[in-house]
Amino acid sequence: MKGLVQLDKSLSYTLLELPNLVNIGIRDNLLTSKSKDKWFPESSDDCFKSIKENNPLLNTFYRNMKIDSLKTHINTASDTKNKKIWDNNQNTFDIILDEGKVHYPNYLEQDKSISVMQPFKKYMNFNKYQPYFQPRGRLSDLCTLNSIGPIGVKFTKNTKQDVSICYANTFDDKDLSCITAIIEIGKGTNLVLDEYFENKKDSIKLYNIVYLIKEGSSVTINRKYDLNDKDNSASIVESRVIQFPNSKFTLDVTGEGSKHTQDIVDLEIYNDCYTNILGTFNCFDKSINNMYVNLDHKGENSFSRVDVRSIIDDQAHSSFLGSINVEKSATGVDAELFNKNLLLSNTATVFTEPQLDINTKEINCKHGCTVSNIDKDQLYYLQTKGIDKFTAEETIKRCFLTI
Amino acid sequence: MLVTQEFSIKANDEIILEDINLDFGPGIHIIMGPNGVGKSTFAHALMGNPKYETDGAVEFFGKDLLAMETHERAQSGMFMSFQNPTPISGLSNFQFMKQCLDAKQSDMNITQKLSAFTSHVNELNLDQGWDKKQLNVEASGGEKKKNELIQMLMLDPKCAILDEPDSGLDIDALQTLTKTIEEFTKHDKIVIIISHYENLIRNLNVDTVTVLGKNKIVRGDVELAYSILDEGFSAIG
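Listed in order, the protein sequences are those of chains A and B. Just so we're aligned, residue 1 is where the first sequence starts under the working numbering, counting upward by one. Just so we're aligned, residue 1001 is where the second sequence starts under the working numbering, counting upward by one.
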């Protein structure tokens, strides 16, 4: 391919170096592909300009996220991609997403209520989603640029209630994975989406996912992280959620962290919406887990609640940054933001930071962040009824994560 | 039998009770005393609350109670009903009860456990759905006390220490409480009640009354309690 470096051997690079490599063809991506114009031509140029000016890894946004392991991790690009063969009949998931490819079983091909967006198919009309992939100065910019191609799934109101999605690994290599995806939920759709993020051993996976929750729809996402190989895997998931008027959105995330996990959620919330973000994390050993939730209330009379709880033990690290912004016109908003942490070890670390930016008076807004240890009174109470100390502590931990 | 010998209790380097020599056999025993004298502390120290340092000896049916961990004391047959039961969000009343019975290696299967629990809930006039309510969360004082009583009945201990079980109870609940204690004691149980409440004491067949004071301990029968109820703690000098 013209202008691309043809690799005979594997190439090693770090994420810090990637901004200087995305345009020279370590692989075919959104910037270098001949299909660029069909996807996000302007926004990919803007992202490229942004990462050249400011390396996303140096963004102070990551100041509490302990990203050293991301900076130094060696990714190995290879021109020989060993592909796994996915057998959807043997799989428990309805849809499997990976870099530049959506796998789905035959029955979905017949199902007119779900349509799949593949990067190299005609009439996918990716251009219209460009505004949602503008640069943010974060790793999501690198993800978009370095993706093989954007993918997506559209659901309409006739979709069956429960659909499961796995973000899997088709490529059996040690290279960086970049998944740029659009999940569009059509007007009036009721959907429960079970998401599963599979780890890629000894590798980093970057995700930039845009969720469009259209008018009158109701969506619950149950997000779970793979626990296999978590000590050797990193998952950076950035989700941008656009809630159109009169929509309901619940995101329920559970996990244990990993070598490095980031769950970054940005929400734009318009009129008369309901938003509920729940997170429960049990972090131990050396796992790192970071969650960021940013709610931009752009419309009137919406309700939002964020409740994120983490247990941090051993040498684990956890950070939470919660932000609520209410625009001047967004009167009647009712917003709550809570982060509770159970810190069980002197060698574990936790950061918790709430930010409120309220530009109107007629709203109700509450927030609270706590870091505590096992409640000694609760422990003693359980023990007086015959429950041994270990079981009592486990019970208190389980209860702490019960929202 | 529960026997204390030169039993002393200290907290934050301050002696709270010293050289207590008492014995409790099957029957109902009342412990009274002025506020702040250490009645609840005595109960918590017997259960092994880590807030307190103890000295001396406590023998419980031939076993050295002070050598045991708190949960071992409970498993050996000691029970304590709290004056202010601790709330635990996320743990339902029945889940908790099941866990306590499992720890005790109860022979009952899950259906039997739930059936017995529900039966006690009904006897004590607690709400339907009590099994699913969170432990001591958003419950009234009286409901919490009733819940402690259910735990006592389900766990069937050899010795139950009830710390002000009557506070927060209405007249009907108080009658149920006295009936429950009397019935429970029939099975050779030791029941030690910390209370000043006249109606409770007058409605129970009390075996001994112990008055804890700053510098002395007085023991007698129920007449001692009546004197104190009539004249105050000055009755014992």
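Positions of the beta carbon are idealized from the N, C-alpha and C atoms, including for glycine.
Work out the CA separation of residue j and residue i for me, nearest whole Å.
i	j	result
G1142/B	E1198/B	17 Å
Y167/A	T144/A	16 Å
H367/A	Y292/A	15 Å
F244/A	Y270/A	6 Å
V153/A	L191/A	13 Å
V1218/B	N1035/B	16 Å
N20/A	Q110/A	44 Å
T1210/B	L1204/B	15 Å
L1017/B	I311/A	39 Å
R223/A	G1168/B	45 Å
N228/A	R309/A	22 Å
F133/A	R305/A	26 Å
K1146/B	S329/A	51 Å
G188/A	V163/A	16 Å
N1021/B	L1101/B	32 Å
K361/A	E268/A	20 Å
G279/A	E238/A	15 Å
F93/A	L11/A	33 Å
Y274/A	T331/A	15 Å
C283/A	F320/A	13 Å
L1065/B	D1207/B	23 Å
P1085/B	G216/A	45 Å
F1117/B	M1154/B	7 Å
K298/A	D272/A	10 Å
T347/A	N23/A	42 Å
So, at 6 Å on beta carbons, what are the nonlocal neighbours of residue i in its own chain, with the 5 sequence-adjacent residues on each side left out?
i	result
H260/A	S69, L70, A234, I288
L1114/B	none
I324/A	L295, A335, L337, L356
C369/A	N339, T352, P354
P150/A	W39, P119, F126, T180
G1048/B	T1070, R1073
N64/A	S319, F351
Give the residues of chain B in contact with residue i, contact being defined as C-beta atoms less than 9 Å apart.
i	result
F400/A	S1089, G1090
By the 10 Å Cβ neighbour count, where 16 or more other Cβ atoms means buried, how is residue i classified, buried or exposed?
i	result
P56/A	buried
G255/A	buried
S372/A	exposed
Q90/A	Because Q90/A sits at a pLDDT of 49, beneath the cut-off of 50, its placement in the model cannot be relied upon, and the point is left open.
T1180/B	buried
Q1083/B	buried
F1079/B	buried
Y123/A	exposed
A1067/B	exposed
I1171/B	exposed
E1069/B	exposed
P1157/B	buried
Y207/A	buried
I264/A	buried
N1215/B	exposed
What in chain A is Cβ-close to residue i, meaning under 9 Å?
i	result
H1120/B	The contacting residues do not exist; H1120/B stays about 15 Å from chain A at best.
F1082/B	Y381, T384
I1074/B	According to the sequence provided, residue 1074/B is Ala. The question's Ile does not apply to it. Within 9 Å Cβ-Cβ: Q383, T384, K385, G386, I387.
M1032/B	None at all; the shortest Cβ gap to chain A is about 23 Å.
Can you pull the chain A neighbours of residue i, defined as C-beta to C-beta under 7 Å?
i	result
K1104/B	G386
T955/B	Beyond the ends of chain B as shown, which are 1001 and 1237, falls residue 955/B; an answer cannot be given.
M1047/B	T384
T1086/B	D377, Q378, Y381
Taking Cβ-Cβ distances shorter than 8 Å, what residues in chain D pair up with residue i?
i	result
P1050/B	Protein chains A and B are contained in the structure displayed, whereas chain D is not.
Which residues in chain A have a C-beta closer than 8 Å to the C-beta of residue i? List them in chain order.
i	result
C1100/B	K385, G386, I387
Would you say the beta carbon of residue i is closer than 7 Å to some non-hydrogen atom of the ligand MN?
i	result
D173/A	The model depicted lacks the ligand MN and carries no ligand whatsoever.
By Cβ distance below 8 Å, which residues in the same chain neighbour residue i in space, the five residues on each side in sequence not counted?
i	result
S1092/B	D1131, K1132, K1133, Q1134, L1135
H73/A	T14, L15, I204, A234
G1038/B	I1009, I1016, L1017, L1212
I374/A	L342, L344, E393, I396, K397
Y107/A	none
P1026/B	T1185, D1188, K1189, I1190
In chain order, what residues of the same chain have a beta carbon less than 7 Å from the beta carbon of residue i, not counting five sequence neighbours either side?
i	result
D1166/B	L1174, L1177, S1195, Y1197, L1200
N359/A	V326, E327, K328
Q130/A	F40, E42, S43
What residues from the region 383-395 of chain A come within 8 Å of chain B, judged by C-beta to C-beta, listed N to C?
Q383, T384, K385, G386, I387, D388, K389, T391, A392, T395
Can you pull out the residues from the region 1143-1165 of chain B whose beta carbon lies closer than 8 Å to at least one beta carbon of chain A?
Q1151, L1155
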